[in-house]
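Report on one structure; see the data block that follows.
In our numbering, the protein residues as written are 540 to 845.
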């Protein structure tokens with residue numbers, strides 16, 4: 540999220556908003572970033588993004604600088620447009636991501652700009668809520684849809700947003716340390732993995748988060764630990780229950796790293812985007828009840844830090 544300097548408007552016309560959206564498309568290509576939701580307000584914007592290369596700070600800096608320059612030229616203005624650096628939080632996948640998307644999309648309602656979200660065109664809500672609205676090719680909507688039940692995902696999302704009510708107030712109460720939104724377990728893992736003992740680490744762009752991540756190295760070590768042949772399982776039309784468990788544990792570890800999209804994870808195992816989501820859900824449920832599976836999972840984590 541980023542606000543205008545001194546609360547000033549960051550868009551003077553629809554032409555400015557169209558320009559901003561075109562730059563969102565460009566950052567997905569330049570910086571390998573996934574955009575899952577957005578809303579453009581008069582003096583600020585919200586983005587729900589997934590970074591695949593730990594380069595969010597660089598991407599947002601480019602977005603702010605490039606938009607400011609073009610905005611000033613177009614509107615015959617000068618000076619800073621945005622108020623300091625952007626604000627960002629780390630969000631756990633699944634339900635937390637879905638709830639945050641509802642909060643983002645309800646911004647125009649809370650601001651009293653419209654009475655119906657369907658009447659606000661400068662957000663990604665319309666593409667989630669209505670099947671006849673074709674989304675931008677850079678907007679990733681399947682990740683949130685994967686969290687919804689039923690065949691009609693658009694209707695399910697409309698219902699979710701409609702009954703969201705004041706839950707948004709609790710979101711910011713639940714954001715821990717000013718930058719993490721998720722379960723207590725997730726928060727503890729993020730602190731241990733990225734923040735360590737550094738009391739001043741307050742942003743996802745902290746240097747300790749820029750460690751290189753090598754998914755091939757993780758898969759090599761952990762598949763060897765499990766005595767599991769990934770390529771063999773990938774080629775097989777049917778794999779044994781034990782091999783399926785091993786594959787799903789590896790899928791879950793890659794997903795947990797937060798560095799790869801579901802699509803990228805699926806490519807390693809011959810799975811679709813939605814199949815990765817399903818396997819992750821199954822493993823999460825089983826880890827709470829299956830002690831043998833949990834023991835294997837703990838063994839995998841000891842092999843390599845993700």
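Note that beta-carbon positions come from the ideal geometry of N, C-alpha and C, so glycine has one too.
- Restricting attention to 640, 703, 660, the CA atom closest to the CA of residue 682 is found in 640.
- Excluding five sequence positions before and after residue 566, the CB atoms of its chain that fall closer than 6 Å to its own CB belong to 572, 598, 602, given in chain order.
- Sequence-distant partners of residue 805 (beyond 5 residues in either direction) whose C-beta falls short of 7 Å from its own C-beta, in its chain, are 811, 812, 814, 815.
- Straight-line measurement puts the Cα of residue 832 at about 8 Å from the Cα of residue 825.
- Put simply, the segment 575–590 touches the segment 545–563. At least three CB pairs are less than 8 Å apart.
- Judged by beta-carbon spacing, residue 789 lies within the 8 Å limit of residue 761, meaning their Cβ atoms are closer than that value.
- Between residue 644 and residue 700, the C-beta spacing is below 8 Å.
- Within the same chain, 574, 663, 666 come within 7 Å of residue 678 by CB-CB distance, once the 5 residues on both sides are set aside.
- If you look at residue 697, you'll find it isn't in any beta strand (DSSP E); it sits in the alpha helix (DSSP H) that goes 692–701.
- Residue state for residue 764 is assigned as helix, using DSSP reduced to three classes.
- In the structure shown, residue 572 adopts extended strand secondary structure according to DSSP, grouped into three states.
- In the DSSP assignment, residue 608 falls within the alpha helix (DSSP H) that extends over 595–614.
- In this structure, the CA atom of residue 618 is about 11 Å from the CA atom of residue 612.
- DSSP lists 621 as the beta-bridge partner residues of residue 543.
- A direct Cα-Cα distance of roughly 33 Å separates residue 672 from residue 622.
- A distance below 8 Å separates the beta carbons of residue 609 and residue 558.
- Per the coordinates, the alpha-carbon of residue 763 lies some 26 Å from the alpha-carbon of residue 592.
- Residues of the same chain with a CB within less than 6 Å of the CB of residue 765, apart from the 5 flanking positions on each side, are 785 in chain order.
- For residue 662, the three-state secondary structure derived from DSSP is strand.
- Collapsing the DSSP output to three states places residue 586 in a strand.
- Boundaries of the alpha helix (DSSP H) around residue 814: 812–826.
- For the options 656, 653, 799, 604, the alpha carbon positioned closest to that of residue 753 is the one of 799.
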